[in-house]
């Protein structure tokens with residue numbers, strides 16, 4: 001028994017490639033990953049030359065399970081929040097659409113000291129009202145999702161700059177992705193926005209980065225790794241090593257309101273990308289959150305369950321940067337790093353946070369990509385089960401809200417065509 005040995009003889013790269021092509025039935029084209037919209041071409045058998053892993057404060061890969069709640073009525077929003085917390089969420093995001101907020105009613109019976117809460121204000125009066133409330137004494141448990149590209153950002157700015165210990169500005173890549181941006185456009189705009197905020201006196205500690213998660217599993221993981229890597233390079237120039245906070249949002253572009261159960265598969269794989277990419281928070285938006293009927297209890301519950309299952313049954317929260325060293329992921333990360341940095345440099349020429357000229361370029365570039373995506377979808381080059389493939393309308397079918405926009409550009413919802 002002691003003489004038992006296994007022969008692990010060295011195999012050449014060419015022999016390995018030949019075996020792959022043989023198993024692909026001599027279809028050599030399939031060893032190349034090509035994404036025309038992303039402008040990416042990659043030989044999937046190529047070895048990686050660089051490690052893009054960045055050390056983070058989190059010793060594991062754990063993330064906050066976030067529930068997004070629209071506040072039009074404080075009592076209703078409060079009940080949704082309490083239900084969400086009982087279902088396993090440990091972070092709440094309140095989208096404050098009501099002009100004046102009764103904070104006591106909104107936070108009734110919510111133990112804010114044990115969770116994290118993000119507030120998405122719709123006007124600066126809401127911010128001042130919150131800071132004057134009793135909950136401001138527990139400010140360390142709150143973050144503010146105030147979009148730096150919002151036309152009203154200046155009305156918040158002086159107050160936000162004074163709050164040195166909190167995440168007070170959201171660099172909003174999520175909605176860029178929702179209107180059709182590529183991975184590298186999204187990161188390029190994020191980096192440009194964040195860099196301008198640093199130039200205006202904000203610190204890296206005050207910034208939070210929102211990203212949208214699309215349906216390409218490896219590409220989305222590589223995108224998040226690229227963002228973390230590039231931000232590390234930028235803040236190093238400012239003499240700091242503050243860890244980036246990434247809030248990953250799973251949105252609606254490829255979701256269906258006619259055949260809702262197909263959404264659970266897409267939400268799960270996108271949640272897996274967000275987790276493997278190293279998100280600090282995952283916001284699994286209910287698939288019907290932006291329907292005219294509003295979110296159903298079932299959709300809210302399933303959104304929370306996905307993160308719970310990824311943690312408790314799949315252990316996605318146990319290993320930090322699990323795809324580090326994967327040739328495909330490292331090479332995709334390299335490509336996105338290069339393309340995102342080039343786009344960042346293009347935007348830096350404007351030397352502005354949100355000038356009309358800069359925003360016009362961003363919109364023009366993203367609209368071109370969104371139009372290409374729609375064209376491929378309409379030509380059935382992009383197949384989405386339940387939308388343009390095996391589509392079957394359920395008895396509980398819902399309808400999308402009319403014309404949701406970001407920066408004046410409509411959301412890209414494939415089911416709307």
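Numbering (my numbering), first residue to last: 1 to 417. Cβ coordinates follow ideal geometry from the N, Cα and C atoms, glycine included.
Residue 322 versus residue 263 - alpha carbon distance:
For the purposes of this step, residue 322 is identified with residue 322 of the chain shown, where counting begins at 1. For the purposes of this step, residue 263 is identified with residue 263 of the chain shown, where counting begins at 1. Going from the Cα of residue 322 to the Cα of residue 263 covers about 25 Å.
Do the CB positions of residue 192 and residue 247 come within less than 8 Å of each other?
Here residue 192 corresponds to residue number 192 of the chain shown, with the count starting at 1. Here residue 247 corresponds to residue number 247 of the chain shown, with the count starting at 1. Result no, Cβ atoms of residue 192 and residue 247 do not sit closer than 8 Å.
Test item: CB-CB of residue 50 and residue 330 under 8 Å
Looking up residue 50 in the chain shown gives position 50. Looking up residue 330 in the chain shown gives position 330. Between residue 50 and residue 330, the C-beta gap is smaller than 8 Å, which places the two residues in contact.
Taking residue 285 as part of the beta strand (DSSP E), name the residues at either end of that continuous run.
Here residue 285 is taken as the residue at index 285 of the chain shown, counted from 1. It is not in any beta strand (DSSP E) - residue 285 carries neither H nor E in the DSSP assignment.
Could you please give the first and the last residue of the uninterrupted beta strand (DSSP E) stretch that includes residue 118?
Position 118 of the chain shown, counting from 1, holds the residue named residue 118. First-last of the beta strand (DSSP E) with residue 118: 116-120.
Alpha-carbon to alpha-carbon, residue 219 and residue 33:
Translated into the one-based positions of the chain shown, residue 33 becomes position 33. Translated into the one-based positions of the chain shown, residue 219 becomes position 219. Cα to Cα, the separation comes out at about 11 Å.
Express the C-alpha separation of residue 352 and residue 148 in angstroms, rounding to a whole number.
Counting from one through the chain shown, the residue named residue 148 turns up at place 148. Counting from one through the chain shown, the residue named residue 352 turns up at place 352. The straight-line gap from Cα to Cα measures roughly 12 Å.
Return yes when the Cβ of residue 119 is within less than 8 Å of the Cβ of residue 144, no when it is not.
By 1-based counting over the chain shown, the position of residue 144 is 144. By 1-based counting over the chain shown, the position of residue 119 is 119. Remark: C-beta atoms of residue 144 and residue 119 approach each other more closely than 8 Å.
By Cβ distance, which residues of its chain are closer than 8 Å to residue 159, with the 5 residues on each side in sequence left out?
Taking the chain shown and counting its residues from 1, the one referred to as residue 159 is at position 159. Cβ neighbours of residue 159 within its own chain (closer than 8 Å, five residues either side excluded): 124, 127, 128, 131.
Inter-stretch contact (C-beta, 8 Å, three-pair minimum) for the segment 222-239 and the segment 332-340:
With a cut-off of 8 Å, the segment 332-340 and the segment 222-239 count as touching, because enough Cβ pairs lie within range.
Would you be able to state if there are at least three C-beta pairs under 8 Å between the segment 404-417 and the segment 250-269?
The segment 250-269 is in contact with the segment 404-417.
Under the three-state reduction of DSSP, which class applies to residue 43: helix, strand or coil?
On the chain shown, position 43 is the one that residue 43 refers to. Assignment of residue 43 by DSSP, reduced to helix, strand and coil, places it in the strand class.
Delimiting residues of the alpha helix (DSSP H) encompassing residue 255:
Working through the chain shown from its first residue, we reach residue 255 at position 255. Counting along the chain, residue 255 falls outside any alpha helix (DSSP H), and DSSP gives it neither H nor E.
The segment 265-278 contacting the segment 313-322, beta-carbon criterion three pairs below 8 Å
Touching, yes, given that three or more Cβ pairs across the two stretches are closer than 8 Å.
Contact belief for residue 249 with residue 195 at Cβ below 8 Å, rounded distance in angstroms:
Translated into the one-based positions of the chain shown, residue 249 becomes position 249. Translated into the one-based positions of the chain shown, residue 195 becomes position 195. Their Cβ separation, rounded to whole angstroms, is 22 Å, which puts residue 249 and residue 195 out of contact at 8 Å.
Measure the alpha-carbon distance for residue 392 versus residue 58 and round it to whole angstroms.
Here residue 392 refers to the residue found at position 392 of the chain shown. Here residue 58 refers to the residue found at position 58 of the chain shown. Using only the alpha carbons, I get a separation of about 43 Å.
Considering Cα atoms alone, identify which of 197, 185, 109, 206 is closest to residue 80.
Here residue 80 refers to the residue found at position 80 when the chain shown is read from its first residue. With respect to the C-alpha of residue 80, the residue from 197, 185, 109, 206 having the closest C-alpha is 109.
Residues that residue 34 bridges to, as DSSP identifies them
As a position in the chain shown, residue 34 is number 34, starting the count at 1. In the DSSP secondary-structure assignment, residue 34 is bridged to 41.
Under the three-state reduction of DSSP, which class applies to residue 212: helix, strand or coil?
Taking the chain shown and counting its residues from 1, one reaches residue 212 at position 212. Per DSSP, reduced to three states, the secondary structure at residue 212 is strand.
Can you give the Cα-Cα distance for residue 301 and residue 357, rounded to whole angstroms?
As a working mapping, residue 301 is identified with position 301 in the chain shown. As a working mapping, residue 357 is identified with position 357 in the chain shown. Distance between the alpha carbons of residue 301 and residue 357 is about 43 Å.
Own chain, CB closer than 6 Å to residue 287, minus 5 neighbours either side, in chain order
Position 287 of the chain shown, counting from 1, holds the residue named residue 287. Scanning its chain for C-beta atoms nearer than 6 Å, with the 5 sequence neighbours on each side dropped, one finds around residue 287 the residues 255, 263, 299, in chain order.
Residue ranges of each beta strand (DSSP E) within the segment 160-213, 3 or longer:
If we require 3 residues or more, the beta strand (DSSP E) runs fully inside the segment 160-213 come out as 169-172, 207-212.
What does DSSP give as the partner residue(s) for residue 95 in the beta ladder?
Position 95 of the chain shown holds residue 95. Answer is 70, 120, bridged to residue 95.
Own chain partners of residue 363 with C-beta closer than 8 Å, once the 5 adjacent residues on each side are dropped:
Translated into positions along the chain shown, residue 363 becomes position 363. So the list reads 407, 408, 409, once near-sequence residues are dropped.
What's the C-alpha gap between residue 202 and residue 240?
Locating residue 202 in the chain shown gives position 202, where the first residue counts as 1. Locating residue 240 in the chain shown gives position 240, where the first residue counts as 1. If you take the alpha carbons of residue 202 and residue 240, they lie about 13 Å apart.
Leaving out five residues on either side along the sequence, give the residues of the same chain with a beta carbon under 7 Å from the beta carbon of residue 190.
Walking along the chain shown from the start, residue 190 turns up at place 190. Excluding positions up to five away in sequence, the list reads 171, 173, 209, 227.
What does the Cβ neighbour count give for residue 11, buried or exposed, with the cut at 16 atoms within 10 Å?
The count along the chain shown starts at 1 and reaches residue 11 at position 11. So residue 11 counts as exposed.
Residues that residue 64 bridges to, as DSSP identifies them:
Stepping through the chain shown from its first residue, residue 64 is reached at position 64. Residue pairing of residue 64 in beta bridges, as defined by DSSP: 281.
For the beta strand (DSSP E) containing residue 307, list its first residue and its last residue.
As a position in the chain shown, residue 307 is number 307, starting the count at 1. Taken as a continuous stretch (DSSP letters only), residue 307 belongs to no beta strand (DSSP E), being part of the alpha helix (DSSP H) at 297-312.
Do residue 74 and residue 105 have their CB atoms nearer than 8 Å?
By 1-based counting over the chain shown, the position of residue 74 is 74. By 1-based counting over the chain shown, the position of residue 105 is 105. The answer is yes: Cβ separation under 8 Å.
Which residues in the same chain as residue 204 place their Cβ atom closer than 6 Å to its Cβ, once the five residues preceding and following it in sequence are excluded?
Along the chain shown, read from residue 1 onward, the residue named residue 204 stands at position 204. Sequence-distant Cβ neighbours of residue 204 in its own chain, meaning closer than 6 Å and more than five residues away, are 235, 240, 242.
So what does residue 385 bridge to, in DSSP terms?
Within the chain shown, residue 385 is the residue found at index 385, counting from 1. DSSP output for residue 385 lists 389 as bridge partner(s).
If you draw a straight line from the alpha carbon of residue 40 to that of residue 270, how long is it in whole angstroms?
The residue given as residue 40 occupies position 40 in the chain shown. The residue given as residue 270 occupies position 270 in the chain shown. Using only the alpha carbons, I get a separation of about 20 Å.
Alpha-carbon to alpha-carbon, residue 176 and residue 151:
By one-based count along the chain shown, residue 151 stands at place 151. By one-based count along the chain shown, residue 176 stands at place 176. The alpha-carbon of residue 151 is positioned some 15 Å away from that of residue 176.
State the Cα-Cα distance for the pair residue 30 and residue 305, rounded to the nearest angstrom.
The count along the chain shown starts at 1 and reaches residue 30 at position 30. The count along the chain shown starts at 1 and reaches residue 305 at position 305. Rounded to whole angstroms, residue 30 to residue 305 spans 35 Å at the Cα level.
Inter-residue CB distance, residue 66 and residue 289 (contact presumed, cutoff 8 Å):
Position 66 of the chain shown, counted from the start, is the residue given in the question as residue 66. Position 289 of the chain shown, counted from the start, is the residue given in the question as residue 289. Contact between residue 66 and residue 289 is absent: CB atoms are separated by about 13 Å, not below the 8 Å threshold.
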